[in-house]
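Trainee:
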Amino acid sequence: MADFPWDHPNPHTLELTVGPEHIDGLKHTNNAVYVQWCEQTAWSHSAALGLDLACYQQLDRAMAVIRGEYDYLQASREGDELVVGTWIVSWDGRLSIERNFQILRKGDAQTLLRGVVRFACIELSTGRPRRLPREFIEGYGPAVIERTP
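Under the working numbering, the residues of the sequence shown are numbered 27 to 175, in order.
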């Protein structure tokens with residue numbers, strides 16, 4: 027996958043195949059499905075960094091979506107093999123991080139979607155914003171590709 031035209035180097039990736047359950051009445055992948063795939067890839071990346079759901083629950087902290095923006099560039103259809111890539115592109119070192127997403131079709135290496143999602147750290151028990159705990163700084167910090175703090 028290194029030879030794909032990724033927007034940034036070394037993405038965390040998730041491979042998938044478009045199934046009939048992903049197709050809408052327009053005979054292409056439903057837009058909401060792309061968002062779900064981005065979410066799955068973000069969770070996969072977090073888990074790879076040692077920050078899975080169990081860790082979130084133990085710390086009573088989570089990274090919650092506060093803004094998402096997606097550019098749908100091309101359609102995918104049933105049977106297409108796709109690769110979703112993600113990167114943590116920036117953070118403030120205190121409360122928030124920003125992820126980029128890119129979805130490529132394996133057959134022709136075309137970019138189907140680009141997304142930017144901003145997350146804020148919250149306390150799970152109250153839903154209120156909270157500073158990033160040490161575990162988040164140690165887990166997510168080294169993965170940030172554009173260090174801003």
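In this text, a Cβ means the ideal position worked out from N, Cα and C, and glycines have one as well.
Taking the straight line between their C-alpha atoms, what separation do you get for residue 110 and residue 103?
Mentor: Cα-Cα distance, rounded: 15 Å.
Trainee: Give the list of continuous alpha helix (DSSP H) stretches no shorter than 4 residues that lie fully inside the segment 52–139.
Mentor: Taking only runs of at least 4 residues, the alpha helix (DSSP H) segments lying wholly in the segment 52–139 are 57–74 and 79–85.
Trainee: Output yes or no for whether 8 Å exceeds the beta carbon distance between residue 44 and residue 105.
Mentor: A contact, by the Cβ cut-off of 8 Å.
Trainee: Give me the residue from 47, 117 and 140 with the minimum Cα distance to residue 166.
Mentor: For residue 166, the nearest C-alpha among the options comes from 117.
Trainee: In or out: residue 79 buried (at least 16 other Cβ within 10 Å) or exposed?
Mentor: So residue 79 ends up on the exposed side.
Trainee: Check the DSSP bridge columns for residue 144 and list the partner residues they point to.
Mentor: For residue 144, which the question treats as bridged, DSSP gives the partners 93 and 124.
Trainee: Ends of the beta strand (DSSP E) at residue 172?
Mentor: Element bounds for residue 172: n/a, residue is neither H nor E.
Trainee: Ignore the nearest five residues each way along the sequence and tell me which others in residue 151's own chain have a CB closer than 6 Å to its CB.
Mentor: 86, listed in sequence order.
Trainee: Can you find the residues in the same chain that come closer than 7 Å, C-beta to C-beta, to residue 149, ignoring five residues on each side of it along the sequence?
Mentor: Result list for residue 149: 86, 87 and 156, in chain order.
Trainee: Assign residue 128 to one of two classes, buried (16 or more other C-beta atoms within 10 Å of its C-beta) or exposed (fewer than that).
Mentor: By the neighbour-count rule (16 or more Cβ atoms within 10 Å), residue 128 is buried.
Trainee: Just to confirm my understanding: we take residue 101, look at its own chain, exclude 5 residues before and 5 after, and list those with CB closer than 6 Å. What are they?
Mentor: So the qualifying residues of the chain are 54.
Trainee: Do you know how far the Cα of residue 160 is from the Cα of residue 145?
Mentor: If you take the alpha carbons of residue 145 and residue 160, they lie about 17 Å apart.
Trainee: I'd like to know whether the C-beta atoms of residue 114 and residue 171 end up nearer to each other than 8 Å.
Mentor: Yes, the Cβ-Cβ distance between residue 114 and residue 171 is below 8 Å.
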